[in-house]
Amino acid sequence: MKYVNDSFTIKTSKRLEIIDITNYVESMVRKSGIKEGVLIVFEPHTTAAITINENDPELFEDLLHIYTKIAPIEQKYQHNLKYAGVPGEQNAHAHILSSLIKPSVIIPITNGGIQLGTWQRVLFVEMDGPRTRKVYIKVIGE
Ligand code: ZN
28 MKYVNDSFTI KTSKRLEIID ITNYVESMVR KSGIKEGVLI VFEPHTTAAI TINENDPELF
88 EDLLHIYTKI APIEQKYQHN LKYAGVPGEQ NAHAHILSSL IKPSVIIPIT NGGIQLGTWQ
148 RVLFVEMDGP RTRKVYIKVI GE
C-alpha cells in the first residue's frame, strides 16, 4: 500500500464559477504511479466545493442558478450581519452551499486511470470568488 499527496492552485475569476479540474487530477494520478486504489480530491475552503458532473457551460449556468435559488446571495443571514462592514465576509450563501455540495469527492482508480463515467468530470465550484484556491489530492493504493 502506497500513499501519494499532491496539490495545485487555481485562480477563480468570478463570484460564482464552475471550473473543470479533471485534467489536473488525472495527471497527478498518473504521476503517482498507483494503478489500483482510490483518489481523494479535497478543497480546504469553507466557501467552495467539489462535485462531479458534465462539463457543459450551459449546465454550469443552470447549476449556479439553482444554487443561488437554494441559498440566495442577497438575503438576511446571521453570518453577514455579524460581519457587516468586514470586506469579503458577506458570504453566508457560499458557506451554506459549500456545506451542501461538500468539499471532496472519492473516485476509484482502476488500471492506472480514474474511473469516471463517460460524461463525468471533476468540477471545482467557486461560490465566493474571485480567489486563489487550493486543491489537495491523496492517492491511496498500489
Ligand atoms: Zn464568511
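The working numbering puts the first residue of the sequence shown at 28, with every later residue one more than the last.
We treat Cβ as the ideally placed atom computed from N, Cα and C, and that holds for glycine.
Just so it is clear, the structure is predicted and the values come from calculations on it, not from any experiment.
With DSSP collapsed to three states, give me the class of valine 31.
strand
Along the beta strand (DSSP E) that carries glutamate 44, what are the first and last residues, could you check?
44-47
Taking 7 angstroms as the cut-off, does the CB of asparagine 138 come closer than this to any heavy atom belonging to the ligand ZN?
no
First and last residue of the alpha helix (DSSP H) that includes proline 84?
84-97
Starting from lysine 109, trace the alpha helix (DSSP H) both ways and give me its first and last residue.
105-109
Please write down, chain order preserved, every residue whose beta carbon lies under 5 angstroms from a heavy atom of the ligand ZN.
Glu116, Asn118
Return the Cβ separation of glutamate 85 and glycine 168 in integer angstroms, given the expectation that the two are a contact with Cβ distance under 8 angstroms.
That belief does not hold up - the Cβ atoms of glutamate 85 and glycine 168 are roughly 36 angstroms apart, past 8 angstroms.
What residues are listed by DSSP as bridge partners for valine 162?
Phe35
Cutoff 7 angstroms; reference leucine 90; Cβ partners in own chain excluding five residues on either side:
Ile45
So, do the segment 33-48 and the segment 150-164 have three or more beta carbon pairs nearer to each other than 8 angstroms?
yes
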